[in-house]
Amino acid sequence: MPGPLRLLALALLVSGPLAAPAAEPIKLGEYASLTGKEATFGQSAHRGVVMAVEELNAAGGILGRRLELVAEDDQSKPGEAATIVKKLISRDKVIAVIGEVASSRSLEGAAVCQAARIPMISPASTAPEVTARGDYIFRACFIDPFQGTIMARFAQHTLHAKRVGIMSSITSAESVGLSRYFREQFARDGGTVALEQRYADGDKDFRAQLTAVRAAGVDALFIPGYYVEAALICKQARALGLQIPLFGIDGWESPELVRLGGAAVEGAYFATHFSPEDSAAAVVSFNTRFQKRWGVGSDTLAGLGYDSVMMLADALQRAGTTDAPKLRDALAATKDLVGVTGTITLDAQRNPTKSAVVLQVRGGKFHFIETITP
Ligand code: PHE
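Counting the sequence shown from 1 gives a position; my numbering is that position plus 87.
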């Protein structure tokens, strides 16, 4: 045995019985819609989160400790998110929480985390109200005033729409906000929102609203909703003979949009955060690792889930401790962190400024159209 190795072996032997017990793992919580109506949101974000934790552990963990993920399913149900986050904090004693994707559920979890002074990082919730819940609440994505603005501009410049209709969900915090931000920008640029029709998540029949949209004679229809309802709305719109362009938001991004919407979603556009078609080296490498680990391609939520864990790891590293107030301060100071979905620098409201992409459904796949920088 060569000298240094023998010394090491000796040191291990000698220190054996006296050594401190192996460091406790750092417990990290995650709440996600792993089942239920928005299951693909939670599943995809979760794959990104797990992959980040595995890669960090393979590289030696954080602060000399292993990361241990405690993930819970809120079944896409209102009310369930708050219950689960309480359990993660009080029973599992996690030091931080990752979640949720949907803004309405993040609002529930954020209230719990803020009250307990446990940092929360939402990978993908874009409603401004989420981080406004308090100084322990962070996110890895852009916010809806930006998403609404870019889609209003997209409608004017790319779709050449002058009169648009909106179909928004009254039960989704994201949808309520986006219809407002869209409307404000579209009007500022001289366009007209001819009508807004509302629905609730879980609705299945949108024909009454779509009949009103048809009567209003609009050039395009903006649908700031999640994939299940969005797919049905597109289908029923086409069935009613509406041939105008249909366009939406990040909540459309799911393989289910195409499965449920079929031909009716062909040609439709939506804004989101990330495209796996991006040729940047970091994205290509992420996609390859992701495909290998999970046997499926990556998407926005995979990337944002991954980046949220990296935000936490970076803050833990800089804080040098899992102590909540210090970890909070380190998270708030996140700067120039290079993620797979872009570079993250948090502003005073704990939100990053990042670019968006517009994708189009073509041949049942989501194709990159353009990147929009703030
Ligand atoms: N932005 C959505 C919300 O706040 C969540 C989402 C992000 C869904 C990205 C899909 C992709 O509710």
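Using N, Cα and C, we set each Cβ at its ideal position, and we do this for glycine too.
These numbers come from a predicted model, not from an experiment.
Between the alpha carbons of residue 252 and residue 282 lies a distance of about 5 Å.
An exposed status is given to residue 371, since fewer than 16 other beta-carbon atoms sit within 10 Å of its beta-carbon. According to the DSSP secondary-structure assignment, residue 446 is paired through a beta bridge with 357, 455. Annotated three-state conformation of residue 341 is coil, per DSSP. Judged by DSSP in its simplified three-state form, residue 313 adopts coil rather than helix or strand.
Between residue 390 and residue 427, the gap from beta carbon to beta carbon is short of 8 Å. Cα atoms of residue 202 and residue 318: separation of roughly 37 Å, rounded to the nearest angstrom.
By the Cβ-count criterion, residue 327 is exposed, with fewer than 16 other Cβ atoms from all chains shown falling within 10 Å of its own Cβ. Residue 351 sits buried, since 16 or more C-beta atoms from the chains shown fall within 10 Å of its C-beta.
Per the coordinates, the alpha-carbon of residue 115 lies some 11 Å from the alpha-carbon of residue 205.
Classified as exposed, residue 244 has fewer than 16 neighbouring CB atoms from the shown chains inside 10 Å of its CB. DSSP, reduced to helix, strand and coil, places residue 284 within a strand of the structure shown. With a minimum length of 3 residues, the unbroken runs of beta strand (DSSP E) contained wholly in the stretch 244–291 fall at 250–256, 279–286.
The beta-bridge partner set that DSSP reports for residue 238 is empty.
Three or more Cβ pairs drawn from the stretch 258–277 and the stretch 184–204 lie within less than 8 Å of each other, which places the two stretches in contact. Taking the CA atoms as reference points, residue 175 sits about 14 Å from residue 198. If the five residues before and after residue 311 are omitted, its C-beta is found closer than 6 Å to the C-beta atoms of 255, 262, 265, 266, 336, all from its own chain and listed in chain order. Between residue 231 and residue 242, the CB-CB gap reaches or exceeds 8 Å. Between the stretch 152–164 and the stretch 125–144 there are three or more C-beta pairs closer than 8 Å, enough to call the two in contact. Look at residue 190 here: in three-state DSSP terms it is helix. As the crow flies, the alpha-carbon of residue 396 is around 6 Å from that of residue 136. In terms of side-chain proximity, the C-beta atom of residue 338 is found nearer than 7 Å to a non-hydrogen atom of the ligand PHE. Using a Cβ distance threshold of 8 Å, residue 382 and residue 134 do not count as a contacting pair.
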